[in-house]
Every structure is written in structure tokens, then in C-alpha cells.
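Below is one structure, written out as C-alpha cells, with a few remarks after it.
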Amino acid sequence: MKKVLNIAFFYAILGLVSGVYYREFTKMRDFTGETQLSVVHTHSFALGMMIMLIVYLFCYTMKIHTLKNFDVFFYFYNIGVLSTITLMIIRGTLQVLEFDLSSGLDSAISGIAGLGHIAVTIGLVLFFLLLKKNHHENIRTK
Numbered sequence: 000m001k002k003v004l005n006i007a008f009f010y011a012i013l014g015l016v017s018g019v020y021y022r023e024f025t026k027m028r029d030f031t032g033e034t035q036l037s038v039v040h041t042h043s044f045a046l047g048m049m050i051m052l053i054v055y056l057f058c059y060t061m062k063i064h065t066l067k068n069f070d071v072f073f074y075f076y077n078i079g080v081l082s083t084i085t086l087m088i089i090r091g092t093l094q095v096l097e098f099d100l101s102s103g104l105d106s107a108i109s110g111i112a113g114l115g116h117i118a119v120t121i122g123l124v125l126f127f128l129l130l131k132k133n134h135h136e137n138i139r140t141k
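Position 76 of the sequence shown, counted from 1, bears residue number 75 in numbering that gives the first Met the number 0, the numbering being contiguous throughout.
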């Protein structure tokens, strides 16, 4: 359970730092256009901190962290969120720098971000399967 709380705290810090980075970097570069950096802050808080705090509550109340596939869920989900956020930061920084992406680099960034989204989706499916398994085990023991 401690690792869940620690990663939630990490995402909170990441959300705060990414918000400052967005504000200061765009101000320093006199950038007023659209950039992926504007949503890294909210993604870090919502997909990172808030989801991990919800997972922590399920760990505390339903002991889902003791189930066999909890670590698989945990790593799939967090690798997906971190890779997605990382690619958002890379793309957003390149947008602010007004870097002209080649079609290959643009496709690579999109592809890797897509893999991150797939990992998040797999993680969410695994999370719901953990909840269902826990629910069925609790019904059988009552």
C-alpha cells in the first residue's frame, strides 16, 4: 500500500512542477499559442494522483493489493501514465520552441504516446478485474 501512496504523492509533485514549467517556459519564450504543456498539469493530477488515491482507498478497504495480479495492474497503469505524460511534455516543449517536426518524428511521438494510452487502458481493465475478483471472493465468504 505504501507504494500506491508514494506514487500518488509523486504525481502530485509532477502536476505542480509541470504547471510551473508550462507557465514559466511559455512566458520565457513569449509563446501564446496552443501547446500540449497546458494539459500535463491536469493529466498528472487526474490520471496520476487522483486515480492512485482511489486505488489506495480500495487497497485500504478491500485489500486489493493482496490479490495476485495487483502488481501487473500497478505497473501497466503507471508505465502508461508516465509514458503518456512524458510524450506530452516532449511534444509540448517542441511546440513552444516552434520546432518543425519531420513526419517521422511526429509519427514516432504519436505512436509512443499511443502505446502509453494502450498501457493505461490495459491497466484500467486489470483494475476493474481486480475489483470484480475481490467482490466475488467476498460474496463467497459470506
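Here a beta-carbon is modelled for each residue, glycine too, at the ideal position from N, C-alpha and C.
* R28 (DSSP reduced to helix, strand or coil) -> The residue given as residue 28 occupies position 29 in the sequence shown. Three-state result, R28: coil.
* Asked: Does the Cβ of T34 have 16 or more other Cβ atoms within 10 Å, making it buried, or fewer, making it exposed?
  -> Your numbering for residue 34 matches position 35 in the sequence shown. The residue in question, T34, is buried, as its Cβ has 16 or more Cβ neighbours within 10 Å.
* Are the segment 26–41 and the segment 57–65 in contact at 8 angstroms, needing three or more beta carbon pairs? -> no
* **G32 to L114 span [Cα, whole Å]** => For the purposes of this step, residue 32 is identified with residue 33 of the sequence shown, where counting begins at 1. For the purposes of this step, residue 114 is identified with residue 115 of the sequence shown, where counting begins at 1. When rounded, the distance between both Cα atoms is 27 angstroms.
* Asked: Would you say the beta carbon of C58 comes nearer than 7 angstroms to a heavy atom of the ligand COA?
  -> Absence of the ligand COA is noted for the structure shown, with no ligands found whatsoever.
* Asked: Between V124 and R28, what straight-line distance do the alpha-carbon atoms span, to the nearest angstrom?
  -> For the purposes of this step, residue 124 is taken as the residue at position 125 of the sequence shown. For the purposes of this step, residue 28 is taken as the residue at position 29 of the sequence shown. Cα to Cα, the separation comes out at about 41 angstroms.
* Exposure of L104, with buried meaning 16 or more beta-carbon neighbours within 10 Å -> The residue given as residue 104 occupies position 105 in the sequence shown. So L104 ends up on the exposed side.
* Provide the residue span of the alpha helix (DSSP H) that contains G96, from first to last. => Here residue 96 corresponds to residue number 97 of the sequence shown, with the count starting at 1. What sits at residue 96 in the sequence shown is Leu, not Gly. Looking at the DSSP string, L96 is not in any alpha helix (DSSP H), and its letter there is neither H nor E.
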